[in-house]
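Chains as they are written, first to last, in our numbering: chain E, 139 to 251; chain Z, 102 to 213. All C-beta atoms, glycine included, are put in the ideal place defined by N, C-alpha and C.
As structure tokens, this is what we get:
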């Protein structure tokens, strides 16, 4: 069964450092998403992406965040200068044209020290 | 605006007894509704979905949910809990197929 792949599974970084989280969505999917889950809290929407541009973003997704689809397979989330409060599990998801179900990756745990 | 309420942050049942996880939603549009499950240190797995067809939806692992428009509810049930059902369960609403809004989650504990 096709799956969404995320790397790294866990990253530890120092405050102020840049982090890039990578996702390989399902190959024929067209819509891509990032969500985050701070430990013990709810899953929060960050951003959705379609046709090489952001289609929607939340208040959390400020100027420190950016997304990119650098090639035909990867979808990345960059945090320019990490803060302690960016520590969370980040989930990538994708869905196909006409489909209304998200398929999630296993997540990337980010720990900011 | 759309939102999801999961009335119980934690539900504890004995193995073999029924499970009821409650979800109420608010949406300006006719929504699609989902339940996702998250086992410890794992990703989010789709349990079942409602997309304007049958109001009683069957999912994986014996779970089912009933969409009740008059009550704006989409409660998740299972007749008999198994130890492996212990996990976090999220109700999700998608009002127009673009954004997907998560509820706060319900942690299900299954006692032997």
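Pick helix, strand or coil for residue i, following the three-state DSSP scheme.
i                      : result
residue 223 of chain E : helix
residue 159 of chain Z : strand
residue 216 of chain E : strand
residue 165 of chain Z : strand
residue 185 of chain Z : helix
residue 170 of chain Z : helix
residue 235 of chain E : coil
residue 192 of chain E : strand
residue 162 of chain E : strand
residue 118 of chain Z : coil
residue 180 of chain E : coil
residue 149 of chain E : strand
residue 206 of chain E : strand
residue 108 of chain Z : coil
residue 125 of chain Z : strand
residue 167 of chain E : coil
residue 173 of chain E : strand
residue 242 of chain E : strand
residue 210 of chain Z : strand
residue 130 of chain Z : coil
residue 193 of chain Z : strand
residue 211 of chain E : coil
Is there a Cβ from chain Z that is less than 8 Å from the Cβ of residue i?
i                      : result
residue 170 of chain E : no
residue 189 of chain E : no
residue 239 of chain E : yes
residue 185 of chain E : no
residue 180 of chain E : yes
residue 229 of chain E : yes
residue 244 of chain E : yes
Got a sec: is the Cβ-Cβ distance from residue i to anything in chain E below 8 Å?
i                      : result
residue 143 of chain Z : yes
residue 205 of chain Z : yes
residue 152 of chain Z : yes
residue 191 of chain Z : yes
residue 133 of chain Z : yes
residue 202 of chain Z : yes
residue 113 of chain Z : no
residue 108 of chain Z : no
residue 209 of chain Z : no
Between residue i and residue j, is the Cβ-Cβ spacing less than 8 Å?
i                      : j                      : result
residue 211 of chain Z : residue 202 of chain Z : no
residue 242 of chain E : residue 163 of chain Z : no
residue 112 of chain Z : residue 186 of chain Z : no
residue 142 of chain E : residue 162 of chain E : yes
residue 213 of chain Z : residue 184 of chain Z : yes
residue 178 of chain Z : residue 165 of chain Z : yes
residue 175 of chain Z : residue 126 of chain Z : yes
Only counting the same chain, and skipping five residues up and downstream in sequence, which positions put a Cβ closer than 8 Å to that of residue i?
i                      : result
residue 129 of chain Z : 102, 103, 196
residue 177 of chain E : 225, 226, 227
For residue i, collect the residues of the same chain with a Cβ closer than 6 Å to its Cβ; drop the 5 residues on either side in sequence, then sort them by chain order.
i                      : result
residue 146 of chain Z : 138
residue 247 of chain E : 148, 227
residue 195 of chain E : 185
So residue i and residue j are supposed to be a Cβ contact under 8 Å. How far apart are they, rounded?
i                      : j                      : result
residue 270 of chain E : residue 173 of chain E : With chain E covering 139 to 251 only, the question about residue 270 of chain E has no answer from this structure.
residue 207 of chain E : residue 190 of chain E : 6 Å
Considering only residues of the same chain and omitting the five flanking positions on each side of residue i, which have a CB-CB separation below 7 Å?
i                      : result
residue 152 of chain E : 251
residue 166 of chain E : 234
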